[in-house]
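Going by this note's numbering, the letters in the sequence shown line up with residues 135 to 229, in that order.
Cβ coordinates follow ideal geometry from the N, Cα and C atoms, glycine included.
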Amino acid sequence: MREHGAPVTLSRFLAVVVVVGAIGCAPAGGEGPGHRAQRLALSPQQEYELGTRAYTEVLKEARQQRALVTSGPAVERGSGPSAGQSPAWRPATRA
Numbered sequence: 135m136r137e138h139g140a141p142v143t144l145s146r147f148l149a150v151v152v153v154v155g156a157i158g159c160a161p162a163g164g165e166g167p168g169h170r171a172q173r174l175a176l177s178p179q180q181e182y183e184l185g186t187r188a189y190t191e192v193l194k195e196a197r198q199q200r201a202l203v204t205s206g207p208a209v210e211r212g213s214g215p216s217a218g219q220s221p222a223w224r225p226a227t228r229a
């Protein structure tokens with residue numbers, strides 16, 4: 135029979151807590167969020183194709199519901215010679 139059973143139990147508990155804490159906080163080298171290893175369901179090519187199909191489907195639905203603006207002042211404003219270019223700007227000067 136042990137006389138000092140409580141300190142051994144407490145020290146074992148603390149050892150387990152330290153080990154579990156160290157393992158949980160250890161960096162991993164995976165590709166997923168937080169650099170955790172994860173299996174990917176789709177290849178990059180499959181993901182691209184799925185995104186392209188989804189985009190096409192959204193455009194088709196928008197056209198069917200006449201929710202897609204294809205002409206008018208808003209389109210003309212956005213399709214001029216500078217469309218797609220950043221507006222001219224100057225860096226802020228310090229006084």
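Euclidean distance between Cα positions of residue i and residue j
{"i": "Tyr189", "j": "Arg200", "result": "16 Å"}
{"i": "Val209", "j": "Arg197", "result": "15 Å"}
{"i": "Glu195", "j": "Thr204", "result": "14 Å"}
{"i": "Gln179", "j": "Gly155", "result": "39 Å"}
{"i": "Glu191", "j": "Ala175", "result": "22 Å"}
{"i": "Ala149", "j": "Tyr182", "result": "48 Å"}
{"i": "Thr143", "j": "Val152", "result": "14 Å"}
Residue i - DSSP class collapsed to helix/strand/coil
{"i": "Val203", "result": "coil"}
{"i": "Ala149", "result": "helix"}
{"i": "Leu144", "result": "helix"}
{"i": "Val171", "result": "Reading off the sequence shown, one finds Ala at residue 171, where the question assumed Val. Coil at Ala171, not helix or strand."}
{"i": "Leu184", "result": "helix"}
{"i": "Leu272", "result": "Outside the displayed range of the chain (135 to 229) lies residue 272, so it cannot be described from this structure."}
Cβ distance (whole Å) where residue i is taken to contact residue j below 8 Å
{"i": "Leu202", "j": "Leu193", "result": "7 Å"}
Proximity test, Cβ basis, 9 Å: residue i and chain B
{"i": "Val152", "result": "Absent here is chain B; the protein component of the structure consists of one chain."}
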